[in-house]
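The sequence shown: position 43 = 47 (the working numbering), numbered continuously.
Just so it is clear, CB atoms sit at the ideal spot from N, CA and C, and this is done for glycine as well.
Since we're looking at a predicted model, the values are computed, not measured.
Inspection log for the structure reproduced underneath, given as structure tokens.
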Amino acid sequence: MSGITINDEYINELREQFKKWADFLNMGFGLVSFTLALTCLGTKTPVLNAWFSLIVVAFIRYKGSHIFPSEIIRLRKAAKLDQNARIVLNGLSKEFLSVKAMILGYPVFLIGYVLLCIIAVSPLLIPIMPALESYVGF
């Protein structure tokens, strides 16, 4: 992992990059997902509309992929061959990409996207959760 100095400046720079990523996920991706999910529930075909909406949010996610911290992508490639890069990547992943970090850092994204996905796959979930049937309007 030549050329990288792990210090406060490096970590703070990554924190800033992840803050931008969190803002994109929450305010762009998540808010749109939540809005589309609620909109789907107000239609006669919520499941079909949820699948169409998932296509739209997948495009939004694709268009926003440049916001994801490039250092993580670089470390993922380097970690295949470099033990030091793997250690740094594991530490950064734990801080920024763990389940706890996702829940605390990306709540709007999780709520919106999970709700949209639940609506899309609700026909499969109804046998497990019968109350869902009245919620999605079957």
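Residue nearest to residue 36 in terms of C-alpha spacing, selected from 62, 71 and 103 | For the options 62, 71 and 103, the alpha carbon positioned closest to that of residue 36 is the one of 62.
According to the Cβ coordinates, are residue 111 and residue 34 closer than 9 Å?
-> Pairing residue 111 with residue 34 gives a Cβ-Cβ distance under 9 Å.
Segment contact, 8 Å Cβ cut-off, at least three pairs: the region 77-94 with the region 19-31 = Here the region 77-94 does not lie against the region 19-31, with fewer than 3 beta-carbon pairs under 8 Å apart.
Does the distance from the C-beta atom of residue 53 to that of residue 43 stay below 9 Å?
-> Closer than 9 Å, so yes.
Below 7 Å CB to CB, which residues in the same chain sit around residue 127 once its five sequence neighbours on both sides are set aside?
-> The residues are 51.
Three-state class that DSSP yields for residue 73 in the structure shown | If DSSP states are grouped into helix, strand and coil, residue 73 belongs with coil.
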